[in-house]
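Below you'll find the structure, written out as structure tokens, and then a few comments.
Chains as they are written, first to last, in the numbering used here: chain A, 5 to 524; chain B, 5 to 524.
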């Protein structure tokens with residue numbers, strides 16, 4: 005049976021050419037300042053002459069072409085006079101991606117089906133996905149071809165990946181953006197799997213290791229659901245939006261850096277996932293491992309220490325969960341040629357005193373400057389983790405790493421290196437604390453029995469962190485200490501009275517954030 | 005350990021009351037005619053004074069309250085002057101659901117997490133879901149509390165339900181809207197699992213069975229992805245948007261009806277799924293069975309015949325797939341107290357001649373009026389299926405059902421009953437064919453070896469069906485017949501020249517819709 009024998013029609017080639025134009029709209033770009041986060045969205049008039057005949061309808065996926073730029077966006081139809089029949093209103097993300105100006109002519113056509121999405125269907129029906137399938141999906145996702153509904157289906161499906169699939173996903177993610185190569189060896193890195201407010205050890209570990217002579221080109225993330233990411237905190241003290249060339253220069257000169265990963269385009273597809281993962285609040289070990297390790301592979305790292313805090317309100321809640329996750333890290337890391345070390349740490353309470361970019365930066369500086377009032381727990385954790393890396397990559401004997409790290413801090417070398425890194429990144433900055441504060445005190449004498457990390461983080465976020473960098477929570481207590489009635493427990497910092505009140509309101513609706521009582 | 009011992013603060017109760025107001029915005033409703041299908045969407049100004057302090061951000065889920073009406077919507081932030089700082093622009097769906105007028109004051113607060121969504125996470129982590137969990141999810145979904153991302157995660161997760169879960173889902177869906185009760189017994193029904201253009205047997209079977217004396221209160225759907233649903237086709241000849249009271253009156257008087265299911269609120273949560281299923285193009289037997297049977301249970305049916313066409317481009321592609329699907333229908337049907345009968349039928353090619361509401365209505369009338377040119381295949385299928393039901397519910401001996409059905413059509417009783425039903429539904433209507441046509445002819449002599457149902461349906465849709473009811477395709481050939489060079493294969497009908505051209509353009513890009521050649 006051959007498909008060469010086809011029926012024909014009596015259409016002329018001129019007619020055929022004109023047909024092509026019926027399926028495309030040419031419209032004038034208009035900026036309306038609509039924030040749709042990373043989603044590409046466009047709005048056109050429903051009564052536009054060609055809309056119906058060309059099959060345009062709300063929520064259709066369309067190609068939008070401007071010169072050499074082309075994206076796939078979700079279309080909405082409006083009938084309101086706020087938009088003219090010859091206009092196409094673009095969301096900010098679409099506007100920026102296409103690089104258009106008001107009035108530019110855009111060509112809109114219906115988008116084809118995304119071929120790679122058939123892999124999601126196949127996986128749901130029991131198929132194991134291959135390297136090639138993940139690669140095709142990541143390509144389409146990083147180009148913005150997946151709608152949020154399709155991304156949600158992908159994320160949901162990928163909650164249950166086997167080991168090989170997690171390796172394929174990690175590889176495909178790591179190839180979705182830039183891949184750094186270094187002439188040094190080893191390239192060390194550390195990563196905390198999160199969930200612990202104030203755990204800002206990176207900014208202390210990097211200068212210790214760099215001062216020792218190791219190479220640690222650290223890229224960090226901004227906050228996704230937390231009150232501060234390391235990039236947000238570092239930004240209080242120095243620029244973090246560096247180009248790759250600038251980052252290389254800093255690392256070549258100082259041996260280390262702390263820059264925002266988003267500006268150097270490592271595993272950029274991860275940012276596409278994050279929006280949807282956040283909306284769904286889905287926990288998946290495969291996604292977590294692929295997200296972390298794909299960035300490390302792309303960064304050219306060879307040796308990675310994973311800090312895995314364990315606690316009932318941390319990301320990893322039990323030792324059993326930690327062990328399963330650790331094994332996946334080892335297996336995927338090995339397949340990607342990475343040397344992985346895991347430090348399971350105590351994740352029962354916040355680290356340091358401050359929660360929020362400025363307050364955390366203050367704590368970091370305090371530790372690096374070896375100030376008397378520096379938070380001991382933040383110092384201890386940083387020394388412990390830095391010591392581990394010195395032992396595995398720096399030729400220091402087992403048990404001696406922490407001692408070496410302590411020396412490097414205490415003799416001022418770490419602070420000096422930190423200053424040098426800040427200056428190399430564009431100049432060290434000063435900061436001020438937020439103006440509006442409210443002290444929460446204990447209404448009774450007793451022992452601190454429980455601290456809910458997630459709710460403490462929520463209070464800091466409601467107070468404005470991280471968008472308002474000086475907003476957050478300053479913490480005065482820790483688990484198991486005795487408090488007196490009237491003793492300050494924590495202070496809420498905000499940059500506006502409204503935000504302060506909002507955080508307070510949340511605290512009053514959820515007063516069990518801190519549990520004080522008698523030890524049973 | 006008790007949570008009664010809580011820290012307090014020095015806030016007065018007045019201060020606490022004022023806190024509540026900071027987290028709510030009061031804004032004036034404004035209509036902008038934005039079509040977001042069933043999704044509830046609202047847009048506010050980003051620089052509105054309270055936005056930031058209250059935590060409003062793009063894609064946040066918010067409660068919108070107007071008097072006694074309350075919905076959860078997806079929020080977007082815009083900075084453009086097209087929207088004022090004290091305004092909230094609502095999509096059409098939101099506007100209609102809340103029942104507001106321009107300038108009405110709405111209260112907006114951040115929405116809480118949807119508790120029932122945790123069941124989706126649990127299912128992903130291996131838990132079998134219960135009746136109660138499905139019930140809670142359906143309640144939240146039918147109230148519009150799920151975002152499309154959450155719906156996509158639910159739909160994706162439910163591709164793999166076991167038998168008991170499918171039963172629970174069916175029950176929960178059937179309870180998501182109105183549930184009809186009848187004093188007659190049996191209440192018969194039929195359903196075609198779809199994928200076969202032009203298969204409009206319902207409108208012929210209903211009058212046959214009603215004329216015989218059975219009770220068949222048939223609710224049908226509008227097209228989702230096809231060029232016409234039975235409700236769209238019936239609407240060419242009579243009103244189908246009946247109230248439940250009106251529907252009851254028709255059935256009490258005539259024994260049968262053909263109305264749009266959407267207007268009588270049976271298993272309304274199914275409409276919520278459909279949007280997302282369509283966007284994902286996900287096939288799931290569980291969802292299919294739950295969708296079909298939940299509507300039948302809600303309609304109060306007792307005996308159901310499932311027409312299951314099998315063909316390479318039909319919904320069910322093989323006998324093996326049909327057998328697995330049939331077993332699930334039987335098992336779920338039995339659990340719901342339904343008597344299920346399944347007719348696996350030939351689904352290799354379109355049925356009748358017309359594809360599109362008006363053209364299909366013309367075929368149906370032609371069969372009911374026993375016209376010489378009536379499409380024989382549509383008549384045969386209808387008689388076969390009606391005969392099956394007469395045998396299982398009407399006391400007719402096996403093998404005699406089809407003979408009885410034939411009598412009822414040929415002596416004019418079926419047409420008379422159909423006229424009576426149309427009149428009871430609000431009056432029989434006339435129709436006219438579309439003005440713009442193009443005949444596709446064969447470019448060679450040969451045998452019709454293959455017809456791609458999906459692409460034929462696509463051509464009819466691009467021509468405008470079902471929104472333009474007279475648009476579609478009129479088909480002159482069937483599998484295995486001989487055609488001459490220049491012989492008409494089908495005619496495209498459209499209500500505008502643009503739509504006609506668009507359909508033609510698709511045909512020329514996919515000329516293998518019909519395969520003509522020599523039998524190998």
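Ideal Cβ positions, reconstructed from N, Cα and C, are used throughout, including at glycine.
Q) By how many angstroms is the C-alpha of residue 101 of chain A removed from the C-alpha of residue 25 of chain A? A) Confidence in residue 25 of chain A is poor, its pLDDT being 45 and thus under 50, which makes the residue's placement too unreliable to answer from.
Q | 8 Å Cβ cutoff met for residue 179 of chain B and residue 132 of chain B | A | Between residue 179 of chain B and residue 132 of chain B, the C-beta spacing is not below 8 Å.
Q: Let me know the secondary structure DSSP gives residue 453 of chain B once reduced to three states.
A: Residue 453 of chain B: strand per DSSP, three-state reduction.
Q. Quick one, which of B:126, B:384, B:298, B:435 has its alpha-carbon nearest residue 333 of chain B's?
A. Distances from the CA of residue 333 of chain B to each of B:126, B:384, B:298, B:435 were compared; the closest alpha carbon is that of B:298.
Q: Taking all protein chains shown into account, decide if residue 166 of chain B is buried (16 or more other Cβ within 10 angstroms of its Cβ) or exposed.
A: So residue 166 of chain B counts as exposed.
Q.
Any beta carbon from chain A within less than 8 Å of residue 318 of chain B's own beta carbon?
A. Chain A contact via Cβ: absent.
Q. Taking 8 Å as the CB-CB limit, is residue 80 of chain A close to chain B?
A. Chain B, which has a Cβ nearer than 8 Å to the Cβ of residue 80 of chain A, makes this yes.
Q) Listing by chain order, which chain B residues have their CB less than 7 Å from the CB of residue 86 of chain A? A) 36, 86, listed in chain order.
Q. What are the partner residues of residue 406 of chain B, as DSSP defines its beta bridges?
A. Residue 406 of chain B is not bridged by DSSP to any residue.
Q) chain A partners of residue 474 of chain B, CB-CB under 9 Å? A) Counting only Cβ-Cβ distances below 9 Å, residue 474 of chain B has no contacts in chain A at all, with the closest Cβ about 14 Å away.
(Q) Under DSSP, the beta strand (DSSP E) around residue 501 of chain B begins and ends at which residues? (A) Per DSSP, residue 501 of chain B belongs to no beta strand (DSSP E); it is in the alpha helix (DSSP H), 501–513.
Q.
Using a Cβ-Cβ cutoff of 7 Å, what residues of the region 144–159 of chain B are near chain A? List them in chain order.
A. Here the close residues are 151, 152, 153, 154, 156, 157.
**Q.** Reference residue 364 of chain B, options B:504, B:477, B:163, closest by Cα
**A.** Comparing Cα positions, the closest option is B:477.
Q: Please decide whether residue 41 of chain A counts as near chain B, where near means a Cβ-Cβ distance under 8 Å.
A: Interface residue (Cβ-Cβ distance to chain B less than 8 Å): residue 41 of chain A is classified as such.
Q | Expected contact under 8 Å - CB spacing of residue 97 of chain B and residue 139 of chain B to nearest Å | A | Actually they are not in contact, since the Cβ atoms of residue 97 of chain B and residue 139 of chain B sit about 25 Å apart, beyond 8 Å.
Q.
Please identify the residue among B:405, B:162, B:201 whose C-alpha is closest to the C-alpha of residue 533 of chain B.
A. Residue 533 of chain B is absent from the structure shown; chain B starts at 5 and stops at 524.
Q. Considering only residues of the region 276–319 of chain A, which uninterrupted beta strand (DSSP E) runs meet the minimum length of 3 residues and lie entirely inside it, listed in chain order?
A. The region 276–319 of chain A is shown to contain whole beta strand (DSSP E) runs of 3 or more residues at 307–314, in chain order.
**Q.** Of the residues B:61, B:213, B:109, B:434, the one placed nearest residue 405 of chain B, counting alpha carbons only
**A.** Comparing Cα positions, the closest option is B:213.
Q.
Below 8 Å on the Cβ atoms is my contact criterion, and I expect residue 153 of chain A with residue 152 of chain B to pass it. Report the Cβ-Cβ distance as a whole number of Å.
A. 6 Å between Cβ atoms; contact.
Q.
Taking CB distances under 8 Å as the criterion, tell me whether residue 161 of chain B reaches chain E.
A. Checking the listed chains, one finds no chain E in this structure; the protein chains it contains are A and B.
Q) Would you report the Cα separation of residue 87 of chain B and residue 413 of chain A, rounded to the nearest angstrom? A) Rounded to whole angstroms, residue 87 of chain B to residue 413 of chain A spans 55 Å at the Cα level.
Q: Tell me, please, whether the CB atom of residue 230 of chain B is closer than 8 Å to any CB atom in chain A?
A: Output row for residue 230 of chain B: interface = no.
Q | Residue range of the beta strand (DSSP E) that includes residue 264 of chain B | A | In the DSSP assignment, residue 264 of chain B falls within the beta strand (DSSP E) that extends over 260–264.
**Q.** Neighbourhood of residue 243 of chain A by C-beta, 6 Å cutoff - its chain only, sequence neighbours within 5 removed
**A.** Within its own chain, the residues whose Cβ lies closer than 6 Å to the Cβ of residue 243 of chain A, once the five positions on either side in sequence are excluded, are 429, 430, listed in chain order.
(Q) Quick test of the definition: if touching needs 3 or more C-beta pairs under 8 Å, does the region 283–295 of chain B touch the region 319–335 of chain B? (A) The region 283–295 of chain B, when compared against the region 319–335 of chain B, does touch it at the 8 Å Cβ threshold.
Q. Taking 8 Å as the CB-CB cut-off, is residue 286 of chain A touching chain B?
A. Closer than 8 Å to the CB of residue 286 of chain A there is at least one CB belonging to chain B.
Q. Is the number of C-beta pairs between the region 185–205 of chain B and the region 300–308 of chain B that are closer than 8 Å three or more?
A. Taking 8 Å as the limit for Cβ pairs, the verdict is that the region 300–308 of chain B does touch the region 185–205 of chain B.
Q: Could you name the residues of chain B that residue 50 of chain A contacts, counting a contact when the two beta carbons are closer than 9 Å?
A: In chain order: 37, 39.
Q: Could you check which residue in A:215, A:158, A:192 has the C-alpha nearest to that of residue 223 of chain A?
A: Check the Cα spacing between residue 223 of chain A and each of A:215, A:158, A:192: the tightest is with A:192.
Q: Please classify residue 522 of chain A: is it buried, with 16 or more other beta-carbons within 10 angstroms of its beta-carbon, or exposed?
A: Using a 10 angstroms sphere on the CB of residue 522 of chain A, the tally of other CB atoms stays under 16, which defines it as exposed.
Q. Which residue's Cα is closest to the Cα of residue 354 of chain A: A:487, A:483, A:77, A:120?
A. Ranking A:487, A:483, A:77, A:120 by CA distance to the CA of residue 354 of chain A puts A:483 first.
Q. What is the C-beta distance between residue 114 of chain B and residue 64 of chain B, in whole angstroms, given that I count them as a contact (C-beta under 8 Å)?
A. Right, their Cβ atoms sit about 6 Å apart.
Q. How would you call residue 68 of chain A, buried or exposed, if buried means at least 16 neighbouring beta carbons within 10 angstroms?
A. Counting Cβ neighbours within 10 Å, residue 68 of chain A comes out buried, since at least 16 surround it.
Q: Take every Cβ of the region 121–132 of chain B, pair it with every Cβ of the region 76–90 of chain B, and state whether three or more of those distances are shorter than 8 Å.
A: Output reads no: the region 76–90 of chain B does not touch the region 121–132 of chain B.
Q) Are the CB atoms of residue 194 of chain B and residue 387 of chain B nearer to each other than 8 Å? A) It is not a contact, given that the beta carbons lie outside the stated cut-off.
Q: Could you tell me the boundaries of the alpha helix (DSSP H) in which residue 240 of chain A lies?
A: Residues 234–241.
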